[in-house]
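Reading through the structure tokens given below for one structure.
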Amino acid sequence: MDSGLSKFVDNGKRDNNDDDDDDDYMSDKFVVENKDSSQTSLLHSHKQKYEHERYKRRIECQPKSKQTIKEMEEEKRQAGLSKPLLDPMNKGFCLLQKMMNNDNKKVEESLETKQSSSQPDLSDEKSNKRKTVEELVMERRPIDIEFRIGRQGLGHESNKRIKSKDSNRSLMMAKKEKNLEIKKDKFLRDCLEKSEKLLAKKDYFSLQKICYNLDQSNNIREPSIEEWYWPKSFLIALRAARKNIESDEDDDEEENDDLKQENQDDDDEDDDNIDYQERLQKLSEYVRQKYFYCLWCGCCFESNNDLNDNCPGNNRQLH
């Protein structure tokens, strides 16, 4: 039994020695090697490593947004504008101050040689000159710069304003010319209408006398249709003559005066309201139909057919 146990122990030791001779795949050696191999297996070549590093640098250098660039530019701009235009230690500025001092000394020396009467004026000029030069030199704020926001070119807005002014001016001129043309046309129409009314009135009065003479030659003692077919003065004279026969002379004179006054009042009241063109048309139709007479032809025709054949029409425009 002891011999069997000893054999079993010897066999176990031998097995352990065999295991120690084989590699242990769970040891740190294999784990570290596997980690290194996993890291290097993603980048197989030098070019891929270079591209990867370049991509990382580009991401790091890239700003977060465009707004940050604008803010940085604005900060730099304001910092530059806040700096004084001239440094007191500037050589040119110091030289200019020395020149001013030398000029002031020369002015003072010249003032001492002048008369006392002219001293106040020259001193004032000297002080004013010194102040103006110092103000110009010591001005440390630069001219304000207007930063353009839009994308339009320089001078585009001023050119646009000029064009708008020109267009507005041209529109106003066109409107003014149109109004002048309208007024001119209205004035010409009014003048033409007025002249036509005056001619119609003149023709009407002439045709009244002709109608009276034609009626008298045909033994017609009263206007056949309307009283205004005859001249009003002739009607007054006829009525006065008839009343002179029937009544005494005194009564006739009073009545004649009353009739004349009434007729004058009627003329004054109704002259503006009378349509002479319409009356002329009616009176001309009456004379043409009854006596075959045309005012504008100035003669009596033999018949209605003769009138229609030889007369252009019943108005002045056709003649």
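Sequential numbering of the sequence shown, starting at 65, is according to the working numbering. All C-beta atoms in this analysis are idealised placements derived from N, C-alpha and C, irrespective of residue type, glycine included.
Quick check on DSSP: helix, strand or coil for residue i?
i	result
cysteine 158	helix
cysteine 255	helix
cysteine 358	strand
cysteine 364	strand
glycine 219	coil
cysteine 375	coil
methionine 136	helix
phenylalanine 298	helix
isoleucine 284	coil
glutamine 142	helix
glutamate 290	coil
proline 184	Summary for proline 184: the model assigns pLDDT 48, below 50, so the residue's position carries little reliability, and this model does not support an answer.
Roughly how many angstroms separate the alpha carbons of residue i and residue j, rounded to a whole number?
i	j	result
glutamate 291	glutamine 353	18 Å
alanine 143	glutamate 137	10 Å
lysine 162	lysine 155	11 Å
lysine 224	glutamine 216	11 Å
histidine 234	lysine 240	Per the sequence shown, the amino acid found at residue 234 is serine instead of histidine. C-alpha separation (whole angstroms): 10 Å.
cysteine 363	lysine 273	14 Å
lysine 113	methionine 153	54 Å
isoleucine 133	lysine 140	11 Å
asparagine 372	lysine 307	43 Å
aspartate 370	glutamate 286	28 Å
lysine 227	lysine 247	30 Å
asparagine 232	arginine 253	31 Å
glycine 214	serine 222	14 Å
glycine 219	lysine 147	30 Å
phenylalanine 365	isoleucine 338	30 Å
asparagine 378	phenylalanine 298	26 Å
leucine 256	methionine 237	28 Å
lysine 120	histidine 110	16 Å
phenylalanine 157	glutamate 210	28 Å
methionine 164	glutamate 124	56 Å
histidine 361	serine 281	For clarity, residue 361 is cysteine in the given sequence; the question names histidine instead. Taking the straight line from one Cα to the other gives about 20 Å.
aspartate 230	lysine 242	18 Å
alanine 301	lysine 266	22 Å
arginine 303	glutamate 342	27 Å
aspartate 151	leucine 160	13 Å
phenylalanine 384	isoleucine 309	The question about residue 384 has no answer here: the residues shown for the chain are numbered 65 through 383.
glutamate 115	glutamate 135	31 Å
Return yes when the Cβ of residue j is within less than 8 Å of the Cβ of residue i, no when it is not.
i	j	result
leucine 271	leucine 344	yes
proline 295	tyrosine 268	no
lysine 258	tyrosine 340	no
tyrosine 15	isoleucine 289	Absent from the structure is residue 15, since the part of the chain shown begins at 65 and ends at 383.
phenylalanine 356	asparagine 374	no
With a cut-off of 8 Å, does the C-beta of residue i fall near any C-beta of chain B?
i	result
glycine 377	This model lacks chain B altogether; it includes just one protein chain.
Using a 10 Å radius around the Cβ and a threshold of 16 neighbouring Cβ atoms, would you call residue i buried or exposed?
i	result
cysteine 358	buried
leucine 347	buried
aspartate 279	buried
alanine 32	An answer regarding residue 32 cannot be provided, because it is not within the stretch 65 to 383 covered by the chain.
leucine 244	exposed
leucine 145	exposed
tyrosine 293	buried
alanine 264	buried
methionine 65	Its pLDDT being 46, under 50, methionine 65 is placed unreliably in this model, and the coordinates cannot settle the point.
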